[in-house]
Structures are given as C-alpha cells and as structure tokens.
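Enquirer: Each residue of the sequence shown is one higher than the one before, starting from 818 at the first, in our numbering.
For every residue, glycine included, the Cβ atom is placed at its ideal position computed from N, Cα and C.
As the structure is a prediction and not an experimental result, all values here were calculated from the model.
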Amino acid sequence: MLFLTSPTALRFEVVEKADALQIQAITDFVMAGREIMFPMLDHQVLPDDLFSFEQTFIAHDLGCFIIVYDQKKLVAVAGFKAYDQRFQTLFNVEGQRSVELVKLYVLPKYRRQQIATLVVQQLKQSAKEKNIDIIYLHTHPFLDGAKVFWQQQGFSILLQEQDPTWKTIHMSLRL
Numbered sequence: 818m819l820f821l822t823s824p825t826a827l828r829f830e831v832v833e834k835a836d837a838l839q840i841q842a843i844t845d846f847v848m849a850g851r852e853i854m855f856p857m858l859d860h861q862v863l864p865d866d867l868f869s870f871e872q873t874f875i876a877h878d879l880g881c882f883i884i885v886y887d888q889k890k891l892v893a894v895a896g897f898k899a900y901d902q903r904f905q906t907l908f909n910v911e912g913q914r915s916v917e918l919v920k921l922y923v924l925p926k927y928r929r930q931q932i933a934t935l936v937v938q939q940l941k942q943s944a945k946e947k948n949i950d951i952i953y954l955h956t957h958p959f960l961d962g963a964k965v966f967w968q969q970q971g972f973s974i975l976l977q978e979q980d981p982t983w984k985t986i987h988m989s990l991r992l
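1) With a CB to CB cut of under 6 angstroms and the five nearest residues on each side skipped, what residues in its chain are close to arginine 991?
2) Nearest to leucine 935 by CA position, among Gly896, Met857, Asp859, is which residue?
3) When we look at the beta-carbon of methionine 988 and count the other beta-carbons within 10 Å, is it buried (16 or more) or exposed?
4) Take the Cβ of isoleucine 986 as the centre, count every other Cβ of all protein chains shown within 10 Å, and call the residue buried at 16 or more, exposed below.
5) Starting from the Cα of histidine 860, find the closest Cα among Gly912, Phe846, Thr956, Glu911 and give me that residue.
6) Taking only three categories from DSSP, how would you classify lysine 889?
7) Taking the alpha helix (DSSP H) that phenylalanine 972 belongs to, which residues open and close that run?
8) Please report the straight-line C-alpha distance between valine 910 and glutamate 917, rounded to a whole angstrom.
9) Regarding isoleucine 974 and the ligand NAP, is the C-beta to nearest heavy atom distance less than 7 angstroms?
10) Keeping to the same chain, check which residues put their C-beta closer than 6 angstroms to that of valine 923; ignore five residues upstream and five downstream.
11) By a C-beta neighbour count over all protein chains shown, 10 Å radius and 16 as the cutoff for buried, is phenylalanine 963 buried or exposed?
12) Look at arginine 914 and leucine 940 and say whether their C-beta atoms are less than 8 angstroms apart.
13) Skipping 5 residues on each side, what residues in its chain have a beta carbon closer than 7 angstroms to that of glycine 971?
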C-alpha cells in the first residue's frame, strides 16, 4: 500500500504482499545495511525474521514492513514484528499487544531528509491500526544519533546496559 510520495520521487510503501524477488531484494538491502552498522556480526547467517520474512512481517497480524524507493532503487526500510519476550525481566508486557521495531536503515546519501521520521510515523500509525499497545526497540551508542532520534520519535529509555561491547539501550513507546 502506497502511503506517501514526495517531490523528490521517493515512494513509501507498506509491504502487504511480496514475491520471492522482492523479498530477496529487501533481505539483501537489510543485510548490506546490517554489515555496515554491525561489522562484528556473522553476515553469512540470515536472522530468523528475514529468513521468515513473509510470515513475520506480512502474514502475522503483529507484523509490518515499510520500504522506500527512489525510482526503482530501494533506499530505506523498517518494520515491526511481534515482540518475543526475550527481555522479559527488563520489559514484561504480558497481556499487552506489543511489537519490536526492527531493521530501520536509510542509505547514507538519503539521510537528513526526514525519511526515517516519515517511516517511523507510518509504523506508529500502522501499529495503532493493529491495536498495538507498546512498541519496543533497542539501539546502541555506536550507532551515531540513534538514541536522540528515537527520543525525538517519542520513545523513552527503559535501561542502558553497561556491557563493554554493546551497551544496549532499551526503549519503548506506549501508544
């Protein structure tokens, strides 16, 4: 579903159905961004949510994925998926409809143009339409500007871990 076009010919879409070629293009884009942001990870292993993209983001009632194109070039993505309770001691949302916002990536050339903000606004709108109560996400201090960006989008810090590598910042937004 197309939800926004811009004067610069950017096309913003909520993925409602996708064929194998489109899923592969999205997966390749996400993995390329992941390699830039997280060079320390094993990039030969596809994360479960990408491996099961259609079931996670399209078919699941708590899933949503947004893609942004400049002409035919994929330039930004983000999505949310059912929150799997993996940080239950930190963030127990039992009995509430909760999702985890994941995979936000905008190509460097397209940053500082409000693309990420527009994508997050649409994700929040989609979450409201799906009667979601809470959006969870986590980020890291080594991702320049991420913490401030998420705070500007209305997310609150739950906890910042102090481990030497990740220093994970857990955040949430109640809708």
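Expert: Looking at the atomic coordinates:
1) Same-chain partners within the cutoff: Ile951.
2) Of the listed residues, the one whose Cα sits closest to leucine 935 is Gly896.
3) Methionine 988 is buried by the Cβ-count criterion.
4) Under this definition isoleucine 986 is a buried residue.
5) Taking only the C-alpha atoms, the option nearest histidine 860 is Phe846.
6) Lysine 889 sits in coil when the DSSP states are folded into three classes, being neither helix nor strand.
7) No alpha helix (DSSP H) holds phenylalanine 972; DSSP gives it neither H nor E.
8) Their Cα atoms are separated by approximately 12 angstroms.
9) Looking at this structure, you won't find the ligand NAP or any other ligand, since it has none at all.
10) Here the set comprises Ala893, Ile932, Ala933.
11) Per the sequence shown, residue 963 should be read as alanine rather than phenylalanine. It counts as buried.
12) Contact: no.
13) Around glycine 971: Leu990.
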